[in-house]
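Asks: Residue numbers for the sequence shown follow this note's numbering, beginning at 40 and rising by one.
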Amino acid sequence: MGKIYNMAFGVYIHIPYCVKKCPYCDFNSYGVGRLVPEDDYTLAILGELDLYRDLLKNVTVTSIFFGGGTPSLFSPSGVESIIDRIASVSSLSPGVEVSLEVNPRTANLEKLRGFLIAGVNRISVGVQSFSERKLKVLGRINSPHDSETILKAVERAGFVNFNLDLMFGVPFETLKEWESDLRKALEFGSTHISSYCLTIEDDTEFATLYSAGKLPLPDEDELIDMFNLAGNLLEAYGYLQYEVSNFSKPGFECRHNLIYWQGDYYLGLGAGAHSYVLENNPPWGVRFANIRDPNRYMKAVKEGKRPVDFLDILDRRKVIEDRFLMGLRLKEGINLRDISEKLRVYLNRERLDPLVEEGFFEVLNDSLKVTKKGVLILNELIVKVLDALVYKE
């Protein structure tokens, strides 16, 4: 059994159930009303944890994240049993970050207090908007009042660290409407705000509407204005844009998501969850994904099988590409000296320097960082950076 090195390590728990599937969502989630098979699914998560005892005994868990779906449909006792089992099969770091996503319609003050007692210390509220119009377009079950009520309850329950999600680029949205959302969000004193642009994902209701010409979206210039407005306004109120879509007060960056962006290891539990670990000694690690269907997932675990649907043994090139794909999203960028020493790769400066001169990148203290100008075309720039990589033997 390969040892997980002494670095950040996260455990992600996927709760795939929602009251109703949102029309833009391509996550592995299922609208089931409130008839959630919590007991059976929790038993499956606990069973899956037992199947990874040999791996987990070698790690110190620095973050736990309950995502979905809608984890707040589960009870505090169910969540607590999972946290306790993780603690029993591995070591938890002092001050381990334990996050749980909440839909405003599926929790209240009492339930939030229960989550806090259970060991959750960070809440992420899926607000998306404080506009009734936008929420209706997005097919959300929560109202602006629901969001305001739960955000006040989060603080009353005793949570110091909490995030709220906002979405821009919604059909017919104006810059003024987006500014109203941002200013309303600032009233609640959250330590973290995520600002996502609506994207049209394949195999969603929105994709069908968009292809039929029935989903008019803001144009590229309007989206750029919305993106810049978020950055300028939130930074003016003391939030740091530490990642393309994420802002936090100093010291309140989401540690779990930093694991993904910094190329650290994590174990995903639950239907459709993804993992990246060192196991059985492949030098560059393995990525794997669980069975997506919750019933098939639970059946596999009950039979004592790891519920893996897909596994990819990584090579050095793939690890390097992933490191640039994810790391360039961070404000801190990529440490070129570190990459060169650990992964034996460097950038052809004849290809990189023109991008620096055009103001898309800056190189400071051996770190390659995307500028605010570059962020607007980040995907295009990443392709150029990958083309400029030179691999050492």
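For every residue, glycine included, the Cβ atom is placed at its ideal position computed from N, Cα and C.
What residue ranges within the stretch 228 to 306 form continuous beta strand (DSSP E) runs of no fewer than 3 residues, ordered along the chain?
Replies: The stretch 228 to 306 contains these whole beta strand (DSSP E) runs: 231 to 236, 279 to 282 and 285 to 287.
Asks: Roughly how many angstroms separate the alpha carbons of Thr410 and Gly270, rounded to a whole number?
Replies: In the sequence shown, counting from the first residue as 1, residue 410 sits at position 371. In the sequence shown, counting from the first residue as 1, residue 270 sits at position 231. So the two alpha carbons sit approximately 12 Å from each other.
Asks: Quick one: Cα of Ser168 to Cα of Met206, how far?
Replies: Reading the sequence shown from its first residue, position 129 is the one you call residue 168. Reading the sequence shown from its first residue, position 167 is the one you call residue 206. The alpha-carbon atoms of Ser168 and Met206 are separated by roughly 7 Å.
Asks: Taking 7 Å as the threshold (C-beta atoms), are Tyr315 and Val384 in contact?
Replies: Counting from one through the sequence shown, the residue named residue 384 turns up at place 345. Counting from one through the sequence shown, the residue named residue 315 turns up at place 276. No, the pair does not count as a contact, with Cβ atoms beyond the cut-off.
Asks: Skipping 5 residues on each side, what residues in its chain have a beta carbon closer than 6 Å to that of Arg345?
Replies: On the sequence shown, position 306 is the one that residue 345 refers to. Excluding residues within five positions, the ones whose Cβ falls inside 6 Å are Leu90.
Asks: Can you give the Cα-Cα distance for Phe327 and Ile52, rounded to whole angstroms?
Replies: Here residue 327 refers to the residue found at position 288 of the sequence shown. Here residue 52 refers to the residue found at position 13 of the sequence shown. Their backbone Cα atoms lie some 14 Å apart in a straight line.
Asks: Please give the ranges of any beta strand (DSSP E) in the stretch 340 to 389, keeping only runs that are unbroken, at least 3 residues long and fully inside the region.
Replies: Correct list: 347 to 352 and 384 to 386.
Asks: Going by beta-carbon coordinates alone, are Thr81 and Thr109 separated by less than 7 Å?
Replies: In the sequence shown, the residue the question calls residue 81 occupies position 42. In the sequence shown, the residue the question calls residue 109 occupies position 70. Taking 7 Å as the Cβ cut-off, Thr81 and Thr109 do not qualify as a contacting pair.
Asks: How big is the Cα-Cα spacing for Pro62 and Glu216?
Replies: Taking the first residue of the sequence shown as 1, we reach residue 62 at position 23. Taking the first residue of the sequence shown as 1, we reach residue 216 at position 177. If I take the Cα positions, the gap works out to 21 Å.
Asks: Flag this pair as touching only if the stretch 296 to 304 and the stretch 353 to 366 have three or more C-beta atom pairs under 8 Å; answer yes or no.
Replies: Short answer: they touch.
Asks: Assign Ile416 to one of three DSSP states: helix, strand, or coil.
Replies: Sequence index remark: in the sequence shown, residue 416 carries index 377 (1-based). If DSSP states are grouped into helix, strand and coil, Ile416 belongs with coil.
Asks: Using only the alpha-carbon positions, how far apart do Arg124 and Asn329 sit?
Replies: Here residue 124 refers to the residue found at position 85 of the sequence shown. Here residue 329 refers to the residue found at position 290 of the sequence shown. Between Arg124 and Asn329, the C-alpha separation is close to 20 Å.
Asks: Hey, Phe227 and Leu190: beta-carbon distance below 7 Å or not?
Replies: Indexing the sequence shown from 1 puts residue 227 at position 188. Indexing the sequence shown from 1 puts residue 190 at position 151. Yes, Cβ-Cβ distance for Phe227 and Leu190 is below 7 Å.
Asks: Per the contact definition of three or more C-beta pairs closer than 8 Å, is the stretch 176 to 187 in contact with the stretch 69 to 76?
Replies: Touching, no.
Asks: Going by beta-carbon coordinates alone, are Phe104 and His295 separated by less than 7 Å?
Replies: By 1-based counting over the sequence shown, the position of residue 104 is 65. By 1-based counting over the sequence shown, the position of residue 295 is 256. For Phe104 and His295, yes; Cβs fall inside 7 Å.
Asks: Among Arg376, Leu407, Leu369 and Val199, whose alpha-carbon lies nearest the alpha-carbon of Leu391?
Replies: Along the sequence shown, read from residue 1 onward, the residue named residue 391 stands at position 352. Among Arg376, Leu407, Leu369 and Val199, the Cα nearest to that of Leu391 belongs to Leu407.
Asks: So for Lys408, helix, strand or coil by DSSP?
Replies: Numbered from its first residue, the sequence shown carries residue 408 at position 369. Correct three-state label for Lys408: strand.
Asks: Under a Cβ-count criterion, where at least 16 other Cβ atoms within 10 Å of its own Cβ denotes burial, should Lys42 be classed as buried or exposed?
Replies: In the sequence shown, residue 42 corresponds to position 3, counting from 1. Its pLDDT being 42, under 50, Lys42 is placed unreliably in this model, and the coordinates cannot settle the point.
Asks: Please classify Val135: does DSSP put it in a helix, a strand, or coil?
Replies: The count along the sequence shown starts at 1 and reaches residue 135 at position 96. Here Val135 sits in strand by DSSP.
Asks: Might you give, ordered along the chain, the residues of its own chain that have their beta carbon closer than 8 Å to the beta carbon of Tyr276, omitting 5 neighbours on each side?
Replies: Stepping through the sequence shown from its first residue, residue 276 is reached at position 237. Hits under 8 Å: Leu225.
Asks: Lys42 by DSSP, collapsed to three states: which one?
Replies: As a working note, residue 42 is residue 3 in the sequence shown. Since pLDDT at Lys42 reaches only 42, below the 50 mark, its modelled position is unreliable, and the value read off the structure follows with that caveat. In the structure shown, Lys42 sits in coil (DSSP, three-state: anything other than H, G, I, E or B).
Asks: For Met337, count neighbouring Cβ atoms within 10 angstroms of its own Cβ and tell me buried if that reaches 16, exposed if not.
Replies: Sequence index remark: in the sequence shown, residue 337 carries index 298 (1-based). Met337 comes out buried.
Asks: Please report the straight-line C-alpha distance between Pro55 and Leu85, rounded to a whole angstrom.
Replies: As a working mapping, residue 55 is identified with position 16 in the sequence shown. As a working mapping, residue 85 is identified with position 46 in the sequence shown. Each residue's Cα considered, the two are about 16 Å apart.
Asks: What whole-angstrom Cβ distance do Ile180 and Val58 have, given they're in contact under 8 Å?
Replies: Residue 180 sits at position 141 when you count from the first residue of the sequence shown. Residue 58 sits at position 19 when you count from the first residue of the sequence shown. Correct: roughly 5 Å between the Cβ atoms.
Asks: Go through its chain and collect everything with a Cβ distance to Ala310's Cβ below 7 Å, but skip five positions before and after it.
Replies: Taking the first residue of the sequence shown as 1, we reach residue 310 at position 271. The residues are His53, Pro55, Asn67, Asn329, Ile330, Arg331, Asp332, Pro333 and Tyr336.
Asks: Can you find the residues in the same chain that come closer than 7 Å, C-beta to C-beta, to Glu432, ignoring five residues on each side of it along the sequence?
Replies: Taking the sequence shown and counting its residues from 1, one reaches residue 432 at position 393. Taken in chain order, the list of residues that qualify is empty.
Asks: Taking only the alpha-carbon atoms, compute the straight-line gap between Tyr249 and Thr243 and give it to the nearest angstrom.
Replies: As a working mapping, residue 249 is identified with position 210 in the sequence shown. As a working mapping, residue 243 is identified with position 204 in the sequence shown. Their backbone Cα atoms lie some 10 Å apart in a straight line.
Asks: Under the rule that 16 or more other beta-carbon atoms within 10 Å means buried, what is Phe399, buried or exposed?
Replies: Counting from one through the sequence shown, the residue named residue 399 turns up at place 360. Its Cβ being crowded by 16 or more others within 10 Å, Phe399 is buried.
Asks: Pick out whichever of Ala251, Lys253, Phe291 and Lys381 has its Cα sitting closest to the Cα of Trp323.
Replies: Sequence index remark: in the sequence shown, residue 323 carries index 284 (1-based). Of Ala251, Lys253, Phe291 and Lys381, the residue nearest in Cα terms is Lys381.
Asks: From what residue to what residue does the beta strand (DSSP E) around Phe48 run?
Replies: Start at 1 with the first residue of the sequence shown, and residue 48 comes out as number 9. That run of the beta strand (DSSP E) goes Phe48 to Ile54.
Asks: Decide if Phe245 is buried, meaning its Cβ has at least 16 other Cβ atoms within 10 Å, or exposed.
Replies: Locating residue 245 in the sequence shown gives position 206, counting from the first residue. Buried, since its Cβ has 16 or more Cβ neighbours within 10 Å.
Asks: With which residues is Ile330 paired in a DSSP beta bridge?
Replies: Within the sequence shown, the letter at position 291 stands for residue 330. According to DSSP, Ile330 bridges with nothing at all.
Asks: According to the neighbour-count rule (16 or more other Cβ atoms, all chains shown, within 10 Å of its Cβ), is Thr213 buried or exposed?
Replies: Counting from 1 along the sequence shown, the entry for residue 213 is found at position 174. By the 10 Å Cβ count, Thr213 comes out exposed.
Asks: From which residue to which residue does the beta strand (DSSP E) around Val164 run?
Replies: In the sequence shown, the residue the question calls residue 164 occupies position 125. Unbroken beta strand (DSSP E) run through Val164: Arg161 to Gln167.
Asks: Quick check on the DSSP output: the alpha helix (DSSP H) that includes Tyr80 runs from which residue to which?
Replies: Position 41 of the sequence shown, counted from the start, is the residue given in the question as residue 80. Element bounds for Tyr80: Glu77 to Leu90.
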